[in-house]
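Visitor: Protein chains in written order, with our numbering: chain V, 391 to 711; chain P, 6 to 238.
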Amino acid sequence: MIEVKNLTKSYGNKQAVNDISFTVNQGEILGFLGPNGAGKSTTMNILTGYISSTSGTAKIDGHDILDEPQEAKKHIGYLPEHPPLYLDMTVQEYLEFVYQLKKARQPMKAHIDDICRRVKITNVQKRIIKNLSKGYRQRVGLAQALIGNPEVLILDEPTVGLDPKQIIEIRNLIKTLGERHTIILSSHILPEVQAVCDRVIVINKGKIVADDTAENLSRSLTDDFRYIARIEGPEEEVEKLLNGISGLKEVQPLGQKEPGVYEFSLEADPGSDIRRDLFKRLTERNYPLLGLKTTELTLEDIFLQLTQDSSSDKSKDGGNQ
Amino acid sequence: MLAILKREMSNYFTSPIGYIFLAVFYFFSGMFFTSVLAANTTDITYVFSSLFTVLVFIIPLLTMRSMSEEKKQKTDQLLLTAPISLGSLVLGKFLAAFLMYCIAVSVTVVYALILAAFATPEWMVVIGNILGALLLGAALIAIGVFISSLTENQLIAAVGSFAVMMFILMIDGFASLISNTFIASIVSTLSFMTRYNNFVTGILNISDLLFFLSFAVVFIYLTVRVLEKRRWG
Numbered sequence: 391m392i393e394v395k396n397l398t399k400s401y402g403n404k405q406a407v408n409d410i411s412f413t414v415n416q417g418e419i420l421g422f423l424g425p426n427g428a429g430k431s432t433t434m435n436i437l438t439g440y441i442s443s444t445s446g447t448a449k450i451d452g453h454d455i456l457d458e459p460q461e462a463k464k465h466i467g468y469l470p471e472h473p474p475l476y477l478d479m480t481v482q483e484y485l486e487f488v489y490q491l492k493k494a495r496q497p498m499k500a501h502i503d504d505i506c507r508r509v510k511i512t513n514v515q516k517r518i519i520k521n522l523s524k525g526y527r528q529r530v531g532l533a534q535a536l537i538g539n540p541e542v543l544i545l546d547e548p549t550v551g552l553d554p555k556q557i558i559e560i561r562n563l564i565k566t567l568g569e570r571h572t573i574i575l576s577s578h579i580l581p582e583v584q585a586v587c588d589r590v591i592v593i594n595k596g597k598i599v600a601d602d603t604a605e606n607l608s609r610s611l612t613d614d615f616r617y618i619a620r621i622e623g624p625e626e627e628v629e630k631l632l633n634g635i636s637g638l639k640e641v642q643p644l645g646q647k648e649p650g651v652y653e654f655s656l657e658a659d660p661g662s663d664i665r666r667d668l669f670k671r672l673t674e675r676n677y678p679l680l681g682l683k684t685t686e687l688t689l690e691d692i693f694l695q696l697t698q699d700s701s702s703d704k705s706k707d708g709g710n711q
Numbered sequence: 006m007l008a009i010l011k012r013e014m015s016n017y018f019t020s021p022i023g024y025i026f027l028a029v030f031y032f033f034s035g036m037f038f039t040s041v042l043a044a045n046t047t048d049i050t051y052v053f054s055s056l057f058t059v060l061v062f063i064i065p066l067l068t069m070r071s072m073s074e075e076k077k078q079k080t081d082q083l084l085l086t087a088p089i090s091l092g093s094l095v096l097g098k099f100l101a102a103f104l105m106y107c108i109a110v111s112v113t114v115v116y117a118l119i120l121a122a123f124a125t126p127e128w129m130v131v132i133g134n135i136l137g138a139l140l141l142g143a144a145l146i147a148i149g150v151f152i153s154s155l156t157e158n159q160l161i162a163a164v165g166s167f168a169v170m171m172f173i174l175m176i177d178g179f180a181s182l183i184s185n186t187f188i189a190s191i192v193s194t195l196s197f198m199t200r201y202n203n204f205v206t207g208i209l210n211i212s213d214l215l216f217f218l219s220f221a222v223v224f225i226y227l228t229v230r231v232l233e234k235r236r237w238g
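1. What is the residue span of the alpha helix (DSSP H) that V:Arg508 lies within?
2. Using the beta-carbon count (16 or more within 10 Å), is V:Lys516 buried or exposed?
3. Here's the rule: buried if 16 or more other CB atoms are within 10 angstroms of the residue's CB, otherwise exposed. What is P:Pro65?
4. Of all Cβ atoms in chain P, is any one closer than 8 Å to the Cβ of V:Leu491?
5. So is P:Thr19 buried or exposed if we call it buried at 16+ other beta carbons inside 10 Å?
6. How big is the Cα-Cα spacing for V:Arg495 and V:Leu522?
7. If the cut is a Cβ gap below 9 Å, which residues of chain P does V:Gly439 touch?
8. Check this for me: beta carbons of V:His453 and V:Pro540, under 8 Å apart or not?
9. By the 10 Å Cβ neighbour count, where 16 or more other Cβ atoms means buried, how is V:Lys524 classified, buried or exposed?
10. Taking DSSP as the reference, what is the three-state secondary structure of V:Arg665?
11. Between the C-alpha atoms of P:Asn158 and P:Phe151, what's the straight-line distance to the nearest angstrom?
12. Please go through the same chain and pick out, in chain order, the residues whose beta-carbon is closer than 7 Å to the beta-carbon of P:Phe38, but skip the five residues on each side of it.
13. Anyone know if the C-beta pair for P:Pro88 and V:Lys449 falls short of 8 Å?
14. Counting only the same chain and skipping the five closest in sequence on each side, list residues whose C-beta sits under 7 Å from that of V:Gly446.
15. Determine the DSSP secondary structure at P:Ser73, reduced to helix, strand or coil.
16. Quick one: what does DSSP say P:Asp81 is sitting in, helix, strand or coil?
17. Measure how close the beta-carbons of P:Asn16 and V:Asp546 come, nearest whole angstrom, since I'm counting them as under 8 Å.
18. Please confirm if P:Asn16 has its CB atom under 8 Å from at least one CB of chain B.
19. List the DSSP bridge partners of P:Ser154.
20. Going by DSSP, which residues form a beta bridge with V:Leu420?
21. Please classify V:Pro459: is it buried, with 16 or more other beta-carbons within 10 angstroms of its beta-carbon, or exposed?
22. Can you confirm whether P:Ser71, when its beta carbon is compared against all beta carbons of chain V, has any partner nearer than 8 Å?
23. Evaluate P:Met198 with the Cβ neighbour count: other Cβ atoms within 10 Å of its Cβ, from every protein chain shown; 16 or more gives buried, anything less gives exposed.
24. Assuming V:Leu437 and V:Ile591 form a contact by the criterion Cβ under 8 Å, report the distance between their Cβ atoms to the nearest whole angstrom.
25. Please list, in chain order, the chain V residues whose beta carbon lies closer than 8 Å to that of P:Leu7.
26. Taking DSSP as the reference, what is the three-state secondary structure of V:Lys704?
27. If we call anything under 8 Å between Cβ atoms a contact, is P:Lys79 one with V:Pro474?
28. For the segment 560–587 of chain V, enumerate the residues whose C-beta is nearer than 8 Å to any C-beta of chain P, in chain order.
29. Which value, in whole angstroms, describes the spacing of the CA atoms of V:Gln482 and P:Ser93?
30. Leaving out five residues before and five after V:Asn408 in sequence, what residues of the same chain have Cβ atoms less than 7 Å from its Cβ?
31. Pull up the DSSP beta-bridge partners for V:His453, would you.
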């Protein structure tokens with residue numbers, strides 16, 4: 391459905407997108423994961439024909455976005471990073487305008503009403519967009535993308551600015567949309583991408599770092615090796631004890647959290663599970679373990695991990711010498 | 006194109022801009038017409054000959070937002086990713102401003118009818134005048150839309166358009182300052198005023214007609230090129 395080949399976009403010397411290639415099959419929900427400035431929006435802007443690539447091609451349903459822009463754009467619904475709303479219009483007027491702009495064929499009133507119901511903006515349909523909250527504006531933006539029922543939906547950070555309840559609603563909506571549409575969505579939140587997408591492309595500094603199913607990716611990423619332990623006992627002795635555990639790379643005291651109770655950040659060597667050993671040693675000395683939790687991976691950790699993975703394979707041989 | 010035309014029109018009338026434009030136009034043209042009435046003549050040309058100066062001030066009002074505001078509000082992302090050509094986008098914008106202008110100019114028909122109640126005016130001259138005003142407006146609007154596409158600040162667009170149109174208004178004066186006769190003749194060929202005055206005095210030259218039309222076409226085309234170029238930036 392979407393075919394991207396060797397896409398590059400450079401602004402002067404800076405390469406915003408660097409030789410990206412991927413394909414998205416019909417009915418697939420693809421997640422674009424990356425920190426701000428990774429090139430997510432640039433890629434999406436190229437796919438939708440808003441800007442042109444420096445080199446490389448992007449095809450939507452077989453139509454090249456540069457050679458047959460109108461044909462390709464017909465198949466796309468796009469929600470940019472900032473929803474492109476005319477603040478002086480009411481929601482209804484705006485959606486009617488988009489309907490005419492896209493030359494949609496569905497019966498207008500029913501189509502717009504149906505979309506408003508799906509993104510839950512029926513109650514604000516007659517209000518002026520200027521007076522809507524960020525969350526509602528975001529949903530009007532999503533409604534706009536859905537008009538004309540395009541096969542491909544490109545959503546740039548669709549849940550930004552929504553409250554947690556709305557986020558879950560929109561995620562569920564995207565999932566149901568995924569049954570009939572091919573979707574690319576971008577996010578810098580890992581759990582969001584995991585919750586919604588079939589496949590994830592991790593992008594950093596304009597390059598694809600990983601391209602895998604959400605399951606595989608999360609499996610490799612939740613290979614936890616960082617913990618926060620809360621232990622009751624004299625700080626220095628506990629630290630000494632912890633340092634004696636094999637497979638533990640680094641112990642960092644985080645200070646006293648309750649009277650006589652200290653927290654430590656533990657980093658284990660990848661692949662070694664220290665939890666049982668930790669428990670055994672602490673009970674031997676009668677230092678109660680009050681809490682042990684894995685620290686959630688931040689996006690930075692993921693990139694570190696993904697980039698380390700390739701380098702650590704090489705360094706393994708060297709490390710054993 | 007129709008969708009854009011419709012939106013622009015409703016935008017003119019939901020914001021004060023459309024009303025201010027019409028009010029200023031009606032006020033000045035009405036003032037000129039009063040003096041025509043006071044002079045006891047059916048010669049309406051005075052209204053039109055004075056019109057150019059007014060247009061220089063109010064056409065930028067119509068065109069300043071047309072492209073700049075889209076860029077600023079990021080709504081250009083909607084327009085440029087919609088399945089429409091850049092040409093029809095720009096044409097929609099141009100036609101909306103032109104339609105507003107037509108609404109303004111249509112008041113001169115009323116003036117002519119008022120005159121006709123007293124004595125028969127020279128209809129062909131009146132029609133020629135209106136045609137001239139429409140053509141002049143089309144050319145100026147195209148220039149305004151083009152300037153608006155160069156910036157995302159509507160104030161800059163307005164002042165820029167005003168400056169350019171002021172220059173166009175006074176181009177004859179500049180031409181007379183140039184001592185080199187060859188260059189002076191080139192500059193004076195570009196004179197909007199001379200061409201417009203031909204219409205006002207009742208002369209219909211095909212070359213004048215084409216002059217204004219080609220100005221409009223060229224600047225609409227240039228606006229399309231500006232949008233095109235921005236994508237490659």
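The beta-carbon is built from N, C-alpha and C at its ideal position, and this holds for glycine as well.
Guide: With the given structure in hand:
1. In this chain, the alpha helix (DSSP H) harbouring V:Arg508 covers Met498 to Arg508.
2. Exposed.
3. Buried, because 16 or more other Cβ atoms sit within 10 Å of the Cβ of P:Pro65.
4. At least one chain P Cβ lies under 8 Å of V:Leu491.
5. For P:Thr19, the number of other beta carbons within 10 angstroms of its own is below 16, and it is reported as exposed.
6. The straight-line gap from Cα to Cα measures roughly 28 Å.
7. In chain order: Leu85, Thr86 and Arg236.
8. No.
9. That one is exposed.
10. DSSP places V:Arg665 in helix when its eight states are reduced to three.
11. Rounded to whole angstroms, P:Asn158 to P:Phe151 spans 13 Å at the Cα level.
12. Hits under 7 Å: Val52 and Tyr116.
13. At least 8 Å separates the beta-carbon of P:Pro88 from that of V:Lys449.
14. So the qualifying residues of the chain are Lys395, Asn396, Leu397 and Thr398.
15. The answer is helix: DSSP assigns P:Ser73 an H, G or I state.
16. Taken through DSSP and simplified to helix, strand or coil, P:Asp81 comes out as helix.
17. Taking a contact as a CB-CB distance under 8 Å, the pair P:Asn16 and V:Asp546 does not count as one, their CB atoms being some 26 Å apart.
18. No chain B appears in this structure, whose protein chains are V and P.
19. When DSSP reads this structure, P:Ser154 sits in no beta bridge, so it has no partner.
20. DSSP lists V:Ile574 and V:Arg589 as the bridge partner or partners of V:Leu420.
21. Buried, since its Cβ has 16 or more Cβ neighbours within 10 Å.
22. Closer than 8 Å: no.
23. That one is buried.
24. Not quite, the Cβ-Cβ distance comes to about 13 Å (not below 8 Å), so this is no contact.
25. Contacts between P:Leu7 and chain V, judged by CB atoms closer than 8 Å, involve Gln490 in chain order.
26. Here the model assigns V:Lys704 a pLDDT of 41, short of 50, so the residue's position is not dependable, and the following value carries that caveat. Residue state for V:Lys704 is assigned as helix, using DSSP reduced to three classes.
27. Yes, the Cβ-Cβ distance between P:Lys79 and V:Pro474 is below 8 Å.
28. Near chain P, meaning a CB-to-CB distance below 8 Å, no residue of the segment 560–587 of chain V qualifies.
29. If you take the alpha carbons of V:Gln482 and P:Ser93, they lie about 24 Å apart.
30. Hits under 7 Å: Thr398, Gly596 and Lys597.
31. Partner(s): V:Ile450.
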